[in-house]
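Peer 1: Numbering (my numbering), first residue to last: 66 to 405. Here it is: the structure, laid out below.
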C-alpha cells in the first residue's frame with residue numbers, strides 16, 4: 066500500500082505542474098486521469114489488494130486525490146472557456162469578409178437550355194417521363210419487338226425481368242407516353258438522361274443526356290422536318306455551318322436519316338471526335354413509322370409526323386470544342402471553372 070501512496074503523490078505533483086491552455090490539452094488531461102481507463106479509475110482498482118485494516122485509510126487518500134484531479138480539471142475548463150470567449154470578442158467585425166466563390170451551371174445544363182430555348186420558339190412544349198421504364202414503352206411500342214436485332218444497338222441495364230424493367234435507352238419513351246394520351250396534334254421536345262451498356266471512351270459513355278423531338282399532325286412531311294432542323298442548327302452553331310443528311314435506318318421512323326455538320330473542333334481537317342472525316346453526326350431523324358402510330362392508338366392514314374433525337378454531350382463538345390466526353394462526368398473543378 067505504501068508504494069501506491071507514493072505513486073499517488075507523484076501523480077499529484079505531476080498534476081500541479083501541468084499547464085492546460087488549449088481544449089486539446091484539457092481533453093488529453095481528462096482522458097489520462099479521469100477517463101474510464103484513466104489513472105484514478107485504475108487506482109480505485111487497487112483497493113482489493115489493500116489489507117482490510119487499512120482500506121479506510123487508503124480510501125481516504127484515493128478520494129482526496131480524485132477530488133484534487135477533478136478540481137484541476139474544472140478550473141482548467143473554466144479558464145479554457147474564458148480564453149475562447151476572449152478570442153471571439155477580439156474579432157473585428159468591421160473587416161471585409163472572404164470572397165464567395167462564384168459557381169456556374171454545368172455545361173450540359175447550359176447546352177440543354179439553349180436547345181430547349183430554340184425549340185420553344187418553334188412552338189415545342191417540354192415533356193418529361195420516367196428513367197426506369199417497362200419494355201413496352203422503351204422498345205415494343207417503338208416497333209422494336211422482342212428478339213428484334215435492332216435492340217442490340219441499344220443494349221441497356223435491366224432492373225427486373227419477366228416483366229422487363231430497365232433503365233431507358235432513349236427519351237422516346239416519353240414520346241410514346243404522350244402519343245398514348247391521344248391529344249393531337251403533338252409538338253413536344255423531350256430532354257433527359259439515358260443509359261446504355263457501352264464501353265466508356267472519349268466518344269461514348271454508359272450514361273448520357275438526350276433531347277428528342279416529336280411533331281404529329283395532319284399533312285406533316287419530311288420537308289417540315291428538314292426545315293425545322295436547318296433552323297435549329299443555324300441558330301445553335303451559326304449561319305456558316307455546313308449540313309448534310311445521310312440515309313439511315315431506325316425501327317421507329319421510315320424514311321430515316323442522320324444529320325451531320327462540319328466539325329467545329331478541327332474545322333473539317335479531321336480529329337478523333339469526327340473520326341478524321343471532317344463531319345460529325347449530331348442527330349438521327351425521320352418520319353414516324355406508321356406501326357408506331359398504330360401501337361399508340363393514332364390513325365396512321367390520317368396523321369403523320371416526324372421525330373428526331375440528339376445527344377447533348379455531342380452538341381456541347383462541338384460548341385465548346387471539348388475533345389473528350391468523359392470530362393462532363395468527372396467533376397474536375399479545373400474543367401468546370403471554365404464555364405463560370
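Glycine included, every Cβ here is placed at the ideal spot set by N, Cα and C. Small disclaimer: the values here were computed from a predicted structure and weren't measured.
#1: Report yes if the C-beta distance between residue 249 and residue 385 is below 8 Å; otherwise report no.
#2: Would a C-beta distance cut-off of 8 Å place residue 261 and residue 318 closer than the cut-off?
#3: Can you round the beta-carbon distance between residue 366 and residue 206 to whole angstroms, since I take them to be within the 8 Å contact cut?
#4: Whose C-beta lies closer than 8 Å to the C-beta of residue 198 among residues of the same chain, with five residues either side of it excluded?
#5: Can you give me the start and stop residues for the beta strand (DSSP E) that residue 327 sits inside?
#6: Any idea what DSSP makes of residue 264, helix, strand or coil?
#7: Within the same chain, show all residues whose beta-carbon is closer than 6 Å to that of residue 236, passing over the 5 residues directly before and after it, in chain order.
#8: Pull up the DSSP beta-bridge partners for residue 256, would you.
#9: From residue 165 to residue 76, what does the alpha carbon distance come to, in whole angstroms?
#10: Is there contact between the segment 278-294 and the segment 387-401, where contact requires at least three CB pairs shorter than 8 Å?
#11: Counting C-beta neighbours from all protein chains within 10 Å, is the total for residue 240 16 or more, i.e. buried, or is it exposed?
#12: Please determine, among 259, 321, 304, the residue with the shortest C-alpha to C-alpha distance to residue 287.
#13: Work out the CA separation of residue 162 and residue 372 for me, nearest whole Å.
#14: If residue 268 sits next to residue 390, beta carbons under 8 Å apart, how far is it from one beta carbon to the other, in whole angstroms?
#15: Which same chain residues, not among the five before or five after residue 180, have their C-beta less than 6 Å away from its C-beta?
#16: Determine the closest residue to residue 215 out of 73, 225, 203, with distance taken between C-alpha atoms.
#17: Excluding the 5 residues preceding and the 5 following residue 145 in the sequence, name in chain order all residues of the same chain whose CB lies nearer than 8 Å to its CB.
#18: Between residue 134 and residue 99, which are expected to be in contact by the criterion C-beta below 8 Å, what is the C-beta distance as a whole number of angstroms?
#19: From residue 354 to residue 182, what distance separates their C-alpha atoms?
#20: Are residue 381 and residue 96 close, meaning C-beta to C-beta below 8 Å?
#21: For residue 112, count neighbouring Cβ atoms within 10 angstroms of its own Cβ and tell me buried if that reaches 16, exposed if not.
#22: Work out the CA separation of residue 110 and residue 81 for me, nearest whole Å.
#23: Using C-beta distances below 6 Å, list every residue in its chain close to residue 370, excluding the 5 sequence neighbours before and after it, in chain order.
#24: Using the Cβ count rule (16 or more neighbours within 10 Å means buried), how would you classify residue 219?
#25: Considering only residues of the same chain and omitting the five flanking positions on each side of residue 311, which have a CB-CB separation below 7 Å?
#26: Got a sec? Which residues, its chain only, sit under 6 Å from residue 223 by beta carbon, not counting five neighbours each side?
#27: Kindly indicate which three-state DSSP category residue 288 falls into: helix, strand or coil?
#28: List the residues that DSSP assigns as beta-bridge partners of residue 99.
#29: Considering only their Cβ atoms, is the gap separating residue 379 from residue 347 smaller than 8 Å?
#30: Just mark residue 227 as buried or exposed, buried being the case when its beta carbon has 16 or more other beta carbons within 10 Å.
#31: Can you tell me the Cα-Cα spacing of residue 273 and residue 332, whole angstroms?
#32: Going by beta carbon distance, what residues of the same chain come within less than 8 Å of residue 313, once the five residues before and after it are set aside?
#33: Look up residue 371 in the DSSP assignment and give the residues it is bridged to.
Peer 2: The structure says:
#1: no
#2: Taking 8 Å as the Cβ cut-off, residue 261 and residue 318 do not qualify as a contacting pair.
#3: Not a contact, Cβ separation roughly 19 Å.
#4: Once the five neighbours on either side are set aside, the close Cβ partners of residue 198 are 230, 231, 232, 233, 238.
#5: 318-327
#6: Looking at residue 264 - three-state DSSP - the assignment turns out to be coil, as it is neither helix nor strand.
#7: 255, 257, 275, 277.
#8: 276
#9: 51 Å
#10: no
#11: buried
#12: 321
#13: 53 Å
#14: 6 Å
#15: 276
#16: 203
#17: Answer for residue 145: 85, 86, 87, 88, 91, listed in chain order.
#18: 6 Å
#19: 27 Å
#20: Going by C-beta atoms, residue 381 is not nearer than 8 Å to residue 96.
#21: exposed
#22: One alpha carbon belongs to residue 81, the other to residue 110, and they sit about 23 Å apart.
#23: 280, 281, 285, 353
#24: buried
#25: 322, 323, 325
#26: Once the five neighbours on either side are set aside, the close Cβ partners of residue 223 are 231.
#27: Of the three classes helix, strand and coil, the one that applies to residue 288 here is helix, per DSSP.
#28: According to DSSP, residue 99 bridges with nothing at all.
#29: yes
#30: exposed
#31: 25 Å
#32: 321, 322, 323, 349, 351
#33: Beta-bridge pairing links residue 371 to 280, 352.
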